[in-house]
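Just below is one structure, and these are the notes that go with it.
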Amino acid sequence: MDINHDKLLWMYKTMRSIRAFEDQLHTDFAAGKIPGFVHLYAGEEAVATGVCANLTDRDYITSTHRGHGHCIAKGVDIKEMMAEIHGKATGACKGKGGSMHIADVNKGMLGANGIVGGGPPLACGAGLTAKLKGTDQVTVCFFGDGASNQGTTMEGLNLAGVWKLPVIFVCENNGYAETTSPQYSVSGQDIAARARGFGMPSVAIDGLDVLAIHEAVREAVSRARRGDGPTFIEAQTYRYYGHFEGDTVKYRDKDEEEQYRSRDCLLRFRGVVLEHGLLTQAELDAIDADVKKTIAEAVAFADSSPLPDTKEILTDVYVSFPEKEMWPFQAAPA
Amino acid sequence: MDINHDKLLWMYKTMRSIRAFEDQLHTDFAAGKIPGFVHLYAGEEAVATGVCANLTDRDYITSTHRGHGHCIAKGVDIKEMMAEIHGKATGACKGKGGSMHIADVNKGMLGANGIVGGGPPLACGAGLTAKLKGTDQVTVCFFGDGASNQGTTMEGLNLAGVWKLPVIFVCENNGYAETTSPQYSVSGQDIAARARGFGMPSVAIDGLDVLAIHEAVREAVSRARRGDGPTFIEAQTYRYYGHFEGDTVKYRDKDEEEQYRSRDCLLRFRGVVLEHGLLTQAELDAIDADVKKTIAEAVAFADSSPLPDTKEILTDVYVSFPEKEMWPFQAAPA
Amino acid sequence: MSERIISYREAINEALRLEMARDETVILMGEDVTGAPHSDEPDHLDAWGGVFGVTKGLVQEFGRERVRDTPITESGFMGAGVGAAATGLRPVVELMFIGFMGVCLDQVVNQAAKMRYMFGGKAKIPLTVRTTIGAGFRAAAQHSDSIYSIFVHFPGLKVVAPATPADAKGLFAAAIRDDDPVIFCENKILLDTKGPVPEGEYVIPLGKADIKREGKDVTIVAISNMVNVALKAAEQMARNGDGISAEVVDLRSLSPLDEETVLASIKKTGRLVVVDEDNPRCSVATDIATLAATQAIEYLNGPVRLVTAPHTPVPFSPALEDFYVPTPARVVNAVRETMI
Amino acid sequence: MSERIISYREAINEALRLEMARDETVILMGEDVTGAPHSDEPDHLDAWGGVFGVTKGLVQEFGRERVRDTPITESGFMGAGVGAAATGLRPVVELMFIGFMGVCLDQVVNQAAKMRYMFGGKAKIPLTVRTTIGAGFRAAAQHSDSIYSIFVHFPGLKVVAPATPADAKGLFAAAIRDDDPVIFCENKILLDTKGPVPEGEYVIPLGKADIKREGKDVTIVAISNMVNVALKAAEQMARNGDGISAEVVDLRSLSPLDEETVLASIKKTGRLVVVDEDNPRCSVATDIATLAATQAIEYLNGPVRLVTAPHTPVPFSPALEDFYVPTPARVVNAVRETMI
Ligand SMILES: Cc1ncc(C[n+]2csc(CCOP(=O)(O)OP(=O)(O)O)c2C)c(N)n1
Ligand SMILES: Cc1ncc(C[n+]2csc(CCOP(=O)(O)OP(=O)(O)O)c2C)c(N)n1
Ligand SMILES: [Mg+2]
Ligand SMILES: [Mg+2]
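Protein chains in written order, with our numbering: chain R, 21 to 354; chain Y, 21 to 354; chain E, 249 to 588; chain A, 249 to 588.
See the structure below:
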């Protein structure tokens, strides 16, 4: 295996961080601490991690409503993420975006997105910037099995193909779009096959195997950096919790979930690295402890952070706009 | 050949009528007689004709901005079409729609459409009605090579596949979307291949050969009537005039056009039917004369018809709506 | 008609159930309107009944053909609704949130809304689009819009936004029966609110505003949940020392607009406040102010006042979102300003 | 600055050329903005320069990478414009007709408009969307809309609609340089109109209305080509026996709105007529009437009058379309009605 030690440590830490972050939110949501719609990534950690292991800060990703894993893997600050989800002024978006809109353009994270299919056109745009500026930056576009049926997604595939953009489409097929399986929603053999119809290299891979994902994406990334255009990767994965927090998950069987849990990406990674002596039990345990601490600190940070001041409601809409036009036809309320 | 004599006569008459109708408009537009955007179908007659030869009045079609041929082949009244294009009260749409919106729902013609990609979702709806009402009606969705890149078109393909709708997608690949060739705009091998990615039977055929089209669509129609779902047909064809009237067609070479004209669908059809003794020269000539008369009558009808009364501006927006709300915040002008 | 206390959610479900039983051309489609369309196991069937549970129980009664889950393909299924409406069905299409209109607007405003006109009256489009509006759900900028104004802007559409369970039932039935395309706006915040609703067939004609509270000093025109905000403000003012008597007009139907009821109230009270949660520019709120400016200016004893959301997207943080949505206090202030 | 007489079309072309020369991050994309993107033969290159020839000659100067034809995939390339803007380009995206917004609205109103806010200010979207508006072209219901009002409705967007060649040049340059997303509305009917336009760099700040004619008896607020209609009406009235002196305010910038200029004029004249070709409900016209009703009611000496299109789609037949678009005669009538 030609992955260096640091990268293996990074992979484990990233997957573990995502899992711990999501488990924490799951608990805190149940306790009534978290407002709004929260879509957890637990179970799918290997995908974001295996993908982002190939990227630098200068590369871009676009994400989805289920974006926490992508954010963490792309290096968005965990404390700021937690504060954002709590609606605090110290959040990654000053509390204005919440779980569905966490972004950090400086880290190349172009935003979670509340619109299914919102990301693929944006990814083409980031790819176009790299192409026109002549950099070797790549953009990864994450989206779900459900999103593969949205016209905007298919337009993105075609446009990236026509313009040979350095974009990698990663379809996270977790078996469900809310309650609906791709068996019902995707016409044709499968999602990867559909992408082939757009003339791009396309593979379906085991989305629970972070090393396999890393490998497939590595190839795609070098293709993109070489200027050879887009690649499509369907990663077959599973989400452990409901579509969003509060979902009672009555549309699938409990044993399906258990079967997937038995193939858990973290368990599997531990097994492989220990078996091959790539990482030690002590290294893994240290990461576990470290992550636990990070998450606890993030919660404490979120808890102790102030709510945004109501004055903040008017800022960040525009770079410049006359302030009195922000309350048209009326005086600003006290 | 198992096409009966009447159908052959109908095919020739239909193609000839479309050609004559379009040539007339081309002349009249140049003379300044025709207002607005007019997209002519000349050159592509075999497609609409070969397709509609398989349909009854109870079947549906959706069309495009280049809809005259579809209308004529589906049986819309030629006089009313001509009057519509002239903006007259006697037009198929009372002069309210014009060339880009000719429709006749009673003939199963669900409208030309000014929005590229507007038709495929509508076609799915007509297919859904047939499916839920348990009739054997089919719907044919005509669209262009350019339209194949529109998200709405691809959504239509997927939805028809998922719901196994009795819809036939006929892509009229005439080599250009305005000035843009599918070589540039369609990523992947070709349009028919892309459709295969949606899991439906898909063929590319010679769109200048009305008999080949008739044959391919016949199979698709029986598949649809049997309840076996959608089919995709890419018909390779060519438009003789500009994208719209007034276009000076500088984006393609004159010899390309001449090459296509040498393979003209009408010429070819005449050759085949005469060679095989299926129709006589006299029959063909009679149709030519007949069509000439029809078109002349249509022009006379359009010319002598009145313009719509300005009162008509308010009608047909709704089935029911308070009349005074039609000029909100103001009195109706005199 | 006998009444029971049921929720806004139940009222809509009941109206849909009754209309589907009454007319077999009425069908429902949308994402997860049953849940688990890939499985026919009874346990899975109807797992959701729509993201807010509004359509629960319908698939058992009417089957998967008429209660139809869709892929995530809003242009596809919205257009299918339009095409089905043009060919003989009476579809109800669920668009989960009004903010998703961006991915399917063409089928609504260029196809459904214009088709009859473009065809010279030769088609009718009896389509009802059910969608949700309203902030306050901590759902952030893309899931909290109330952008009904953009549909009101388009000739060819009708737009309805009920504030009470009874209005929800009666107006939804009317929307389904109507032969024109209707955008029916359900407020997420109201789904659990309860009120008396007539049993059995109950239809409220579209296009009629409803005076939810009579008063003589000021007219407060409000929409959807803002009717409740206006009523609270009116009660506060009645209780207060100043004893202002406010009339609350629930617009209910945004297009067509019941100009008579609004104008009669303005002429009676001589003062106008409009409360609207939608974005302020080019909105139903400015339409109502325009009614006054064009047709009742000589009756006004003070300036018109608007109480709306600011010109910003909907913020996520509860601290900001609660400031975003108009409050009774802001309405009371606005009323005072009309008295200056 | 020296001026020449050039057309509205040439003015836009010139502004784009200058901005592309000045800033290499400025790019143009849209359908057929050159023509024949599949062929590099010089004869084919630039065959169209856009459907109205507005972008002719640019590809020769800036090449196919920066002057970029697109497939018919409006969501795809509009979104690519947004994504490119967020990552360091300054894209100009051509949407051929504003009525096509239905197939790509999400990328404009949910992505471009909201991104900065949702990200807490961590992105800027210097995107300019060029699109065409206006009836009178006999282009029927789907190609004749002037629906800028729906963009004005959305916080996060700016909206501009110039009426003269000089304004077209200056405002387009400003739109490109602006760091927020701007919808720039070119009127098809105005493309061939000519007027004096400064040479070289010329930038008109966004957000400023322009008094195109001074007057003292009535304020006529107008947008785009309606400015010309208003000016004709004003001239007629000046020549007429009644000798009414009308002030014509060209809004130019629809969002942000130049409230000061409009209000100052209303306060001066005491009368207001708004002329707008867009659909009347929830429109810029009702916004202007609302300005008067909320902030200048005590200055009004008569009712506000609106002159707009009817609440119908745009009809095709010239006989109907000419009745659809506001005329000087209707404006004159409306002015008279403010005097009653
Ligand atoms: C345009 C749009 N349509 C519908 C929704 C509602 N919605 C949110 S997530 C979701 C399912 C998405 O499924 P998939 O793409 O498979 O992603 P997953 O949730 O499985 O990660 C739906 C329908 C939305 N947010 N945006
Ligand atoms: C949504 C939309 N985008 C763009 C246009 C402008 N337009 C009209 S026809 C056309 C080309 C269509 O090409 P194709 O689908 O190949 O049909 P053809 O004209 O060749 O018959 C374009 C771009 C439109 N009418 N609608
Ligand atoms: Mg999924
Ligand atoms: Mg074509």
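Ideal Cβ positions, reconstructed from N, Cα and C, are used throughout, including at glycine.
Contact check, A/V351 vs E/D354, beta carbons under 8 Å: yes
Does ligand 2 have even one heavy atom less than 7 Å from the beta-carbon of Y/T84? yes
What does A/D288 pair with, by DSSP beta-bridge criteria? Beta-bridge pairing links A/D288 to no other residue.
Y/N178 versus chain E: which residues are under 9 Å apart at the beta carbon? P319, T321, G324
Express the C-alpha separation of Y/Y338 and E/Y365 in angstroms, rounding to a whole number. 8 Å
Could you list which residues in chain A have their beta carbon closer than 7 Å to that of Y/L334, in chain order? P558, T560
Return the bridge partner residues of Y/S222 from the DSSP annotation. Y/F252
Taking CB distances under 8 Å as the criterion, tell me whether R/E254 reaches chain Y. no
Are the beta-carbon atoms of A/G298 and A/V281 separated by less than 8 Å? yes
Against chain E, with Cβ distances strictly below 8 Å, would A/Y365 count as a contact? yes
Can you find the residues in the same chain that come closer than 6 Å, C-beta to C-beta, to Y/H106, ignoring five residues on each side of it along the sequence? A322
Do R/D210 and ligand 3 come close, with the Cβ less than 7 Å from some heavy atom? no
Within 7 Å: the Cβ of R/D165 and any heavy atom of ligand 3? yes
Under 7 Å from any heavy atom of ligand 2, does the C-beta of Y/I135 make it? yes
Ligand 5 heavy atoms versus the CB of A/A416: any closer than 7 Å? Looking at this structure, you won't find ligand 5 anywhere; what it does contain is ligand 1, ligand 2, ligand 3 and ligand 4.
Hey, is Y/Y271 close to ligand 4, as in C-beta under 7 Å from one of its heavy atoms? no
Got a sec: which bits of the region 195-229 of chain Y sit with their beta carbon under 8 Å from any beta carbon on chain R, in order along the chain? Y204, S205, V206, S207, G208, Q209, A213, R214, A215, R216, G217, F218, G219, M220
Enumerated in chain order, which unbroken segments of the alpha helix (DSSP H) with a length of 4 residues or greater are wholly contained in the region 76-112 of chain Y? 88-93, 98-105
Proximal residues of chain A, C-beta to C-beta of Y/V337 below 8 Å: H559, T560, P561
Check whether the Cβ atoms of A/K417 and A/L454 sit closer than 8 Å, and answer yes or no. no
Using DSSP bridges, identify the partner residues of R/S201. For R/S201, which the question treats as bridged, DSSP gives no partner whatsoever.
Compile a chain-ordered list of the residues in the region 178-193 of chain Y whose CB is closer than 7 Å to at least one CB of chain R. N178, G181, V182
8 Å Cβ cutoff, R/F321 in contact with chain E: no
R/E360 CB to nearest heavy atom of ligand 2 below 7 Å: Only positions 21 to 354 of chain R appear in the structure, and residue 360 of chain R is not among them; the question remains open.
Beta carbon of E/I452, beta carbon of E/V521: below 8 Å? no
8 Å Cβ cutoff met for A/Q484 and A/P574: no
Note down, in chain order, every chain R residue with its Cβ under 8 Å from the Cβ of A/T542. F349, Q350
Go to R/S340, then tell me how far its alpha helix (DSSP H) extends in each direction, as first and last residue. No alpha helix (DSSP H) contains R/S340, which DSSP labels as neither H nor E.
Going by the beta-carbon positions, is the gap between R/T314 and R/I98 smaller than 8 Å? yes
Between which residues of its own chain and E/K362 is the CB-CB distance below 6 Å, once the five residues before and five after are set aside? G404
Across which residues does DSSP place A/M277 in a beta bridge pair? A/R316, A/V341
Does any CB atom of chain E fall closer than 8 Å to the CB of Y/L75? no
Given that A/I275 touches chain R, what residues does it touch there, using C-beta distances under 7 Å? L152
Can you find a CB in chain E that lies within less than 8 Å of the CB of A/K406? no
Y/M129 - DSSP class collapsed to helix/strand/coil: strand
Could you list which residues in chain Y have their beta carbon closer than 7 Å to that of R/G171, in chain order? G171, T172, M174, E175
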